[in-house]
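Enquirer: Here's a structure for you.
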Amino acid sequence: MKKLVVMLLVAVLLAGVFGFTPVKADQKVVIQMTIGSTKAYVNSKETALDQPPVIENSRTLVPFRFIGEAVGAKVDWNATKKAVSYVFGDLNIVLTIGSTTAIVNGVENNLDVAPKILSSGRTVIPVRFVSETMGATVDWNSKTKMVTVTVSGKPVVKFNAKAEYTMQVNVGPAFGWGMGAQKWAHLVKEKTGGLINIKPYFGSALLAGKQTNWFQAVSEGSIDFVMDSTINASGVVKSLNLFSLPFFINTYENVDKIEKGESGKQIISEMEKLGVITVALGENGFRELTNSKKPITKPSDMNGLKFRVVGSPIFVDIFHALGADAVSMNWGDAVTAFQQGAVDGQENPYGVLLPVKIWEYHKYLSNWNYAIDPLILGVSKTTWDTFPSYIKKAIQDAAIEAAEWEKAYVRRGLDGFISINILKDKFNDVPEILDQTGYVRHQGVQIVDLTPEQRQAFIDATKSVYDKWIQTIGQNIYDLAKKDMGQ
Ligand code: X2X
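As numbered in this note's numbering, residues 5 to 491 make up the sequence shown, in order.
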């Protein structure tokens, strides 16, 4: 009886303070708050805040206790640690004053803005992070400066991770690309407190070496993660052939502009519709031409030579347009073909030429930068949809970091000092070989740098490829890419 009276009293008190009855985790709740206003609404019922919401670093901060209790979470304040905690269903969120690290079920998440104690003496926290982590949606009306949090009423379900998640990688672990894949897996593990364990399968081991099958496997969900080339997916995602259009994207600035631009966004959203979520982009690199027969300075030098290309039809068209013979082959078979002289040449970036020791097979290299292949750091949508938002965030943050390192690693020495400085300043990494071109030359390879006139002859010879392939890529994507590059 006494207990009941106390409980009733508490309920009355709460209702008095907050003007509403706290809700349960499985109820639908709509909370509206406006910047600078102490009037808030919970399911249309007006209530007073003792501290109005504020904006900092483009993020809305709201009183910590109010939002937690309005959503229906249990809220706690630890004065010693200066930490706010929310318990909502199976979820446990801890935010610390002044810290941009939030801990969600033991997993670290980065915040754009740290919780703080305002001059009013009230603690405020980033509303979007807390609400979205609890599964609510957040709307921001920039006109009225009102933020609306809608809790859907879906109960929070504890996340059960698989013991192992698979990752497709076409090359081996010693390539910059392979090291990038390991870095991504490692960072995901670290950022998720060991919960998400990704195992890279090198050499397309899960695809029996058939590198051009990865997109299909990832989109179907038979492989969870991928760090692989756009070339190997371009048979399915036709717009990816943009990167293989001969002599179209000829500088690192241009590839960066496309990746960040509208054309890049469209290609990524096309892949998402097909079931592959791109969380970051790495790079294989500008593909250069090598062979065992002679220096190549003009298209006619390629007559009668047979080149190994990837099993992506645009490459066969390009080599035929240049008057050469081309044979499609998986990477797994290519090195044997170089060894046995079954082909005279091939094309691949420095990031592949060095670890494969191309000088053991080919003594001639032409720097012609004719195509580039970004690497997609992707997740199967089937797998992605099983992750709570805080896990998704950890996976994406890890991918962005791994891709930045990988891109700088494969570009090092090929873009002046830009990438060398990124490696050194951001990653405290000084690789042994900094001058990749010089290193290959030092191994006895004769390197041709095409003059602008020589390059023009290759461009002229491959014009016919444009007529056919712009249709396949999509005129719209092609036009957007030109715009992105400022052409
Ligand atoms: O097969 C190739 O040439 C490689 C390693 O560059 C790709 O996977 C596209």
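For every residue, glycine included, the Cβ atom is placed at its ideal position computed from N, Cα and C.
Do you know how far the Cα of I322 is from the Cα of W473?
Expert: 10 Å
Enquirer: Using the Cα positions of V280 and V173, report the straight-line distance between them to the nearest angstrom.
Expert: 15 Å
Enquirer: Please name the residue in K430, S124 and P130 whose C-alpha comes closest to that of T104.
Expert: Nearest of K430, S124 and P130 to T104, Cα basis: P130.
Enquirer: For the ligand X2X, is there any heavy atom lying closer than 6 Å to the beta carbon of S233?
Expert: Checking every heavy atom of the ligand X2X against the Cβ of S233, one is found closer than 6 Å.
Enquirer: Should F339 be counted as a contact of the ligand X2X given a C-beta to heavy atom distance under 6 Å?
Expert: Looking at the sequence provided, one finds Val at residue 339 rather than Phe. Because no heavy atom of the ligand X2X lies under 6 Å away, the Cβ of V339 does not count as near it: no.
Enquirer: If you drop the 5 nearest sequence neighbours on each side, which residues of the same chain put their C-beta closer than 7 Å to that of N245?
Expert: S238, I318, W473, T476 and I477
Enquirer: First and last residue of the beta strand (DSSP E) that includes N82?
Expert: K78 to N82
Enquirer: With distances taken Cα to Cα, identify the nearest neighbour of S208 among T196, V222 and G308.
Expert: Answer by Cα proximity: V222.
Enquirer: For the ligand X2X, is there a heavy atom less than 6 Å away from the beta-carbon of V98?
Expert: Checking every heavy atom of the ligand X2X against the Cβ of V98, none is found closer than 6 Å.
Enquirer: Going by beta carbon distance, what residues of the same chain come within less than 8 Å of L358, once the five residues before and after it are set aside?
Expert: Shown here for L358: same chain residues with a beta carbon closer than 8 Å to its own, the five before and five after excluded, namely I437, Q440, Y443 and V444 in chain order.
Enquirer: So what does W351 bridge to, in DSSP terms?
Expert: Note on residue identity: the sequence assigns Glu, not Trp, to residue 351. Its beta-bridge partners are L293.
Enquirer: Excluding five sequence neighbours on each side, which residues of the same chain lie with their C-beta closer than 7 Å to the C-beta of K1?
Expert: This structure cannot settle anything about residue 1, because the visible part of the chain is limited to 5 through 491.
Enquirer: Does the beta-carbon of V347, which I'm using as the reference point, lie nearer than 6 Å to any heavy atom of the ligand ATP?
Expert: Summarising the ligand content, the structure contains the ligand X2X and does not contain the ligand ATP.
Enquirer: What's the call for V27, buried or exposed, on a 16-neighbour Cβ count within 10 Å?
Expert: Confidence at V27 is low in this model, with a pLDDT of 48, below 50, so the placement of that residue should be treated as unreliable; the coordinate-derived value is given next. By the 10 Å Cβ count, V27 comes out buried.
Enquirer: Look up F24 in the DSSP assignment and say whether it is helix, strand or coil.
Expert: Legend: pLDDT at F24 = 41, less than 50; position of this residue unreliable, value from coordinates given subsequently. The answer is coil: DSSP assigns F24 none of H, G, I, E or B.
Enquirer: Between T141 and S393, is the Cβ-Cβ spacing less than 7 Å?
Expert: no
Enquirer: Would you mind sorting S124 into buried or exposed? The rule is 16 or more other CB atoms within 10 Å of its CB.
Expert: It counts as exposed.
Enquirer: Taking the CB atoms as reference points, tell me whether I376 and I253 lie closer together than 7 Å.
Expert: Yes, the pair counts as a contact, with Cβ atoms nearer than the cut-off.
Enquirer: Taking only runs that begin and end inside the region 187-258, name each unbroken beta strand (DSSP E) of 3 or more residues, in chain order.
Expert: 202-205 and 229-233
Enquirer: Can you find the residues in the same chain that come closer than 8 Å, C-beta to C-beta, to S243, ignoring five residues on each side of it along the sequence?
Expert: The residues are Q270, I271, E274, I477, G478 and I481.
Enquirer: What is the rounded straight-line gap between the Cα of A52 and the Cα of A44?
Expert: 6 Å
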